[in-house]
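Peer 1: Residue numbers (our numbering): 43 to 500. All residues carry an ideal CB built from backbone N, CA and C; glycine is no exception. Provided herewith is a single structure, encoded as structure tokens, for subsequent inquiry.
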Ligand code: CO
């Protein structure tokens, strides 16, 4: 039986372990090998790569994508996209979303995994539609979370909804590694019984469940799993590619992977990992298993944010109270998945409630926006008393937030003038205005230095 493997070392592995600090020049020499390993796809773009390229690495993210494509003509390239929020947390107008998706595909992306933090699929429909129009593979993703209203029926409904919207495949996205093997098994069986599109599992090894969950998912008929080459696997990253290949092969599955090539890829990345250990960017705690997420039912990243917030307030002794307040706030908010930005909104509010000694005596602006419906529709019922307190007599937004946004692309292009060399630059600017502008100016300076040097030589 065939099983497909998506390699994440260039994106999620890189993002989860070393804060996306891997420069193109570090991994360029191994791309041809990766292309020959037999992966179904390689996740290499989206998420934080764009931000990190511009902010820390002085790289044009579009140029990185084109270079990867040139060296990997055979393997499908994959990216992660936050629906109407693209790579950030605010909503962009439809013209920007369409242009971004179209140029991502034109520059080399084959598969776009599209999700919304609230699983409000109105926020992914434009990105999905454009992916298909531009000739790409639109993978619809469901954010996995645990709550009293998130049950198997609910997830099956979401999967059906994605299929009806035209998704080419359906991904279960377990960003915090809390999906247990049996739950994964049951969910994938149910998906396979109700939808005809391929099912993909994306999880993390954070709690230690990842490899078992992946294996059990395959037993349930999962078509594809995400793994990272072993030197960039484990902990907050994905389960190891080679270990999953080994286990699956033993059980008679065909991953299509060539172990000798995997060995070369891993040998290549080992010293790179060591370099990041030496520089202090790769910290030891991201590599082990941390089961606190299973105990508290909050993702590891959210837990560490709560701890650092409380430390700043000199109130670390209130942690247990805050952890008890989290489910209360979450219920009032209609059980949003605890993924960014909802994990922060819930965590900050739970902390405020505990430290002020009175619930909602102070409400963050982000929570106000959420209650107004600016992020999308909550999965469950909102606490109406709380909504009324924040909105007064105003009506919440019930439509799609982006319907209220004016087109932005052409206007921004005109405003940037020659600072933007092409449409890709305009999108970089729209996504990250300050850091893109700084990047463009430094690029101009570098070009000027080259011209001066050339003139002197003449
Ligand atoms: Co992930």
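Can you determine whether any heavy atom of ligand 1 sits closer than 6 Å to the C-beta of residue 54, and answer yes or no?
Peer 2: Numbered from 1 along the chain shown, position 12 holds the residue referred to as residue 54. Because some heavy atom of ligand 1 lies under 6 Å away, the Cβ of residue 54 counts as near it: yes.
Peer 1: Check whether the Cβ of residue 217 sits closer than 6 Å to any heavy atom of ligand 1, and report yes or no.
Peer 2: Locating residue 217 in the chain shown gives position 175, counting from the first residue. Within the cutoff, so yes.
Peer 1: Could you check if residue 131 is buried or exposed, using at least 16 other CB atoms within 10 Å of its CB as the buried criterion?
Peer 2: Counting from one through the chain shown, the residue named residue 131 turns up at place 89. By the neighbour-count rule (16 or more Cβ atoms within 10 Å), residue 131 is not buried but exposed.
Peer 1: At what residues does the beta strand (DSSP E) containing residue 189 begin and finish?
Peer 2: Within the chain shown, the letter at position 147 stands for residue 189. From DSSP, residue 189 is part of no beta strand (DSSP E); its letter is neither H nor E.
Peer 1: Looking only at its chain, what residues have a beta carbon closer than 6 Å to the beta carbon of residue 52, apart from the 5 residues adjacent to it on each side?
Peer 2: For the purposes of this step, residue 52 is identified with residue 10 of the chain shown, where counting begins at 1. If we look at residue 52 and ignore the five residues flanking it on each side, its Cβ neighbours are 86.
Peer 1: Any idea what DSSP makes of residue 132, helix, strand or coil?
Peer 2: Indexing the chain shown from 1 puts residue 132 at position 90. Coil, per DSSP.
Peer 1: Around the Cβ of residue 362, are there at least 16 other Cβ atoms within 10 angstroms (buried) or fewer (exposed)?
Peer 2: Locating residue 362 in the chain shown gives position 320, counting from the first residue. When all chains shown are included, residue 362 counts as exposed.
Peer 1: Helix, strand or coil: which one does DSSP assign to residue 426?
Peer 2: The sequence position of residue 426 within the chain shown is 384, counting from 1. Residue state, collapsed to three classes: helix.
Peer 1: Taking one C-beta from the region 273–284 and one from the region 46–62 each time, how about it: are there three or more such pairs within less than 8 Å?
Peer 2: yes
Peer 1: If you draw a straight line from the alpha carbon of residue 493 to that of residue 310, how long is it in whole angstroms?
Peer 2: Walking along the chain shown from the start, residue 493 turns up at place 451. Walking along the chain shown from the start, residue 310 turns up at place 268. So the two alpha carbons sit approximately 37 Å from each other.
Peer 1: Closest to residue 196 by C-alpha separation, out of 208, 214, 181, 209, would be which residue?
Peer 2: Numbered from its first residue, the chain shown carries residue 196 at position 154. Selected option, being the one with the closest Cα: 214.
Peer 1: Put residue 118 into one of helix, strand or coil per three-state DSSP.
Peer 2: Counting from 1 along the chain shown, the entry for residue 118 is found at position 76. Strand.
Peer 1: Rounding to the nearest angstrom, what Cα-Cα distance links residue 64 and residue 50 in this structure?
Peer 2: As a first step, residue 64 must be located in the chain shown, where it is residue number 22. As a first step, residue 50 must be located in the chain shown, where it is residue number 8. C-alpha separation (whole angstroms): 13 Å.
Peer 1: So, is residue 378 buried or exposed, given that buried needs 16 or more other C-beta atoms within 10 angstroms?
Peer 2: Counting from one through the chain shown, the residue named residue 378 turns up at place 336. Burial call: buried.
Peer 1: Can you check DSSP and say which residues form a bridge with residue 104?
Peer 2: Position 62 of the chain shown holds residue 104. For residue 104, which the question treats as bridged, DSSP gives no partner whatsoever.
Peer 1: According to DSSP, is residue 460 part of a helix, a strand, or is it coil?
Peer 2: Locating residue 460 in the chain shown gives position 418, where the first residue counts as 1. It is helical.
Peer 1: Could you please give me the residues that DSSP links to residue 88 through a beta bridge?
Peer 2: Residue numbering aside, residue 88 sits at position 46 when the chain shown is read from its first letter. Its beta-bridge partners are 122.
Peer 1: Say whether the region 180–188 touches the region 397–408, bearing in mind that this needs 3 or more beta-carbon pairs closer than 8 Å, one atom from each stretch.
Peer 2: As far as the Cβ criterion goes, the region 180–188 does not touch the region 397–408, which means the pair count is below three.
Peer 1: Provide the residue span of the alpha helix (DSSP H) that contains residue 385, from first to last.
Peer 2: As a working note, residue 385 is residue 343 in the chain shown. Where residue 385 is concerned, the enclosing alpha helix (DSSP H) stretches over 384–398.
Peer 1: Nearest-angstrom Cα distance between residue 135 and residue 440?
Peer 2: Within the chain shown, the letter at position 93 stands for residue 135. Within the chain shown, the letter at position 398 stands for residue 440. Roughly 17 Å between the two C-alpha positions.
Peer 1: What do you get for residue 491, buried or exposed, if any count of 16 or more other CB atoms within 10 angstroms of its CB means buried?
Peer 2: For the purposes of this step, residue 491 is identified with residue 449 of the chain shown, where counting begins at 1. An exposed status is given to residue 491, since fewer than 16 other beta-carbon atoms sit within 10 Å of its beta-carbon.
Peer 1: Output yes or no for whether 7 Å exceeds the beta carbon distance between residue 216 and residue 245.
Peer 2: Here residue 216 corresponds to residue number 174 of the chain shown, with the count starting at 1. Here residue 245 corresponds to residue number 203 of the chain shown, with the count starting at 1. In this structure, residue 245 lies closer than 7 Å to residue 216 by Cβ.
Peer 1: Considering only the alpha carbon of each residue, which of 140, 104, 97 lies closest to residue 483?
Peer 2: Mapped onto the chain shown, residue 483 falls at position 441. Selection 140, 104, 97 evaluated against residue 483 yields 97 as nearest (Cα-Cα).
Peer 1: Using the Cβ count rule (16 or more neighbours within 10 Å means buried), how would you classify residue 167?
Peer 2: Within the chain shown, the letter at position 125 stands for residue 167. Residue 167 should be labelled buried.
Peer 1: How far does the beta strand (DSSP E) with residue 11 in it extend, from its first residue to its last?
Peer 2: The question about residue 11 has no answer, for the chain in this structure spans 43 to 500.
Peer 1: Is residue 152 near ligand 2 - that is, is its Cβ less than 6 Å away from at least one heavy atom of it?
Peer 2: This structure simply doesn't include ligand 2; it includes ligand 1 instead.
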